[in-house]
Amino acid sequence: MPGNHRIVTLDGPAGVGKTTLAKQVAEALGMAYLDTGAMYRILGWKLGPDAATLPEPELEQRLAAFRFSLSGSGAHSVLSVNGEPVGQEIRTEEVGMLASIVGKLPAVRTALKTAQQAMGAATPLVAEGRDMGTVVFPAAPCKIFLDATPEERARRRFDQLAGMGHSPDLAELTTQIAQRDEQDRNRTIAPLRPAEDAIIIDTTTLDIDGVFQAIMAAVESCR
Ligand code: DC
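Here this note's numbering is used: the first residue of the sequence shown is 26, the next is one more, and so on.
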């Protein structure tokens, strides 16, 4: 895949803080950031769990109707689908689970990988997700994998949802995050795991600024 020298990949499990950090790192590096979880969330939300029962040609036809584009740079990067910026309605844990379900389907992964690679060929990117370093941009020189305990990730997701005006339940979030981990790590195609040459950062005891500094130091060492 050409153009990967301009890509920083940021992978990790649900709730680890990838989106916030990708935004900050992209801003600091003057690159765009691509939230690939948002792409899976849109498809999960629009197609629903029944996507898994559609005949392959019908699913492919439905997938072809989603056109993703990326504009802007740094913290002002905007991901759009069919010309409409992706909104906050996809940011619930229920939509996260739907994203994880459709993310198991080969046709979905192929369609999104093609769209993600096209964006990476057009723009220098901080690309965040589950399989950025392993599958989508395997030749990127800078691969970072963030991790944290499930309890800490549930707590972070709780703060994020509460900050958006939702009323999350911490125990329920912990269970949902554990289910999503199980599903994302154990699927057959593109499971969540660090690339062999990824720099792994355990963020459990770090605050956002601490993780940001650790990522910037890692990026310095691999550029
Ligand atoms: O990062 P997130 O929580 O927004 O991602 C939602 C789900 O989408 C995640 O549980 C699995 C799926 N996903 C994926 O399979 N591959 C990616 N690169 C990004 C997300």
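Using N, Cα and C, we set each Cβ at its ideal position, and we do this for glycine too.
Going straight from the alpha carbon of residue i to that of residue j, what length do you get?
{"i": "I169", "j": "R218", "result": "11 Å"}
{"i": "E83", "j": "G235", "result": "46 Å"}
{"i": "L46", "j": "L35", "result": "9 Å"}
{"i": "V106", "j": "E153", "result": "17 Å"}
{"i": "T230", "j": "K129", "result": "31 Å"}
{"i": "G42", "j": "E81", "result": "34 Å"}
{"i": "F93", "j": "Q201", "result": "28 Å"}
{"i": "R248", "j": "L79", "result": "43 Å"}
{"i": "A203", "j": "I225", "result": "20 Å"}
{"i": "T174", "j": "E85", "result": "36 Å"}
{"i": "D227", "j": "A76", "result": "35 Å"}
{"i": "E119", "j": "L95", "result": "25 Å"}
{"i": "R180", "j": "T199", "result": "8 Å"}
{"i": "G158", "j": "C167", "result": "9 Å"}
{"i": "R31", "j": "G97", "result": "16 Å"}
{"i": "A239", "j": "R210", "result": "24 Å"}
{"i": "D184", "j": "G121", "result": "16 Å"}
{"i": "E176", "j": "K48", "result": "24 Å"}
{"i": "G28", "j": "K71", "result": "Caution applies to G28, whose pLDDT of 47 falls short of 50 and renders its modelled position unreliable; the value that the coordinates give is listed next. Cα-Cα distance, rounded: 31 Å."}
{"i": "M26", "j": "G55", "result": "Interpretation of M26 is limited by its pLDDT of 42, a score under 50 that renders its predicted location unreliable; no figure is taken from the coordinates."}
{"i": "M144", "j": "A165", "result": "14 Å"}
{"i": "P131", "j": "E109", "result": "25 Å"}
To the nearest whole angstrom, what separates the beta carbons of residue i and residue j, a pair I think is in contact under 8 Å?
{"i": "T61", "j": "Q141", "result": "6 Å"}
{"i": "G73", "j": "L150", "result": "So it is not a contact: roughly 29 Å between Cβ atoms."}
{"i": "A146", "j": "L88", "result": "Between L88 and A146 the Cβ distance is about 20 Å, and since that is not below 8 Å, they are no contact."}
{"i": "L91", "j": "I115", "result": "Residue identity check: residue 91 is Phe in the sequence provided, not Leu. Rounded, the Cβ-Cβ distance is 13 Å, inconsistent with contact."}
{"i": "F237", "j": "V111", "result": "About 23 Å; that fails the 8 Å criterion."}
{"i": "I214", "j": "R134", "result": "5 Å"}
{"i": "S125", "j": "R178", "result": "Actually they are not in contact, since the Cβ atoms of S125 and R178 sit about 14 Å apart, beyond 8 Å."}
{"i": "M241", "j": "A57", "result": "The Cβ separation is near 17 Å, so there is no contact."}
{"i": "D172", "j": "P38", "result": "7 Å"}
{"i": "A220", "j": "P163", "result": "7 Å"}
{"i": "G40", "j": "R182", "result": "4 Å"}
{"i": "G69", "j": "V160", "result": "Not confirmed; about 19 Å, so no contact."}
Since residue i sits in a beta bridge, which residues does DSSP pair it with?
{"i": "T34", "result": "A152, K168"}
{"i": "I227", "result": "Going by the sequence as given, residue 227 is Asp instead of Ile. Answer is D172."}
Report yes or no: is there a C-beta of chain D within less than 8 Å of the C-beta of residue i?
{"i": "P163", "result": "Within the model displayed, chain D is absent; a lone protein chain is all it includes."}
Exercise. Between the region 52–68 and the region 193–202, do at least 3 Cβ pairs fall closer than 8 Å?
Worked result: no
For this session: Within the region 47–126, note down every full beta strand (DSSP E) run reaching 3 residues or more, in order along the chain.
Result: 57–60, 93–96, 103–106
Exercise. Does the region 173–188 come within contact of the region 96–104, defined as at least 3 CB pairs closer than 8 Å?
Worked result: no
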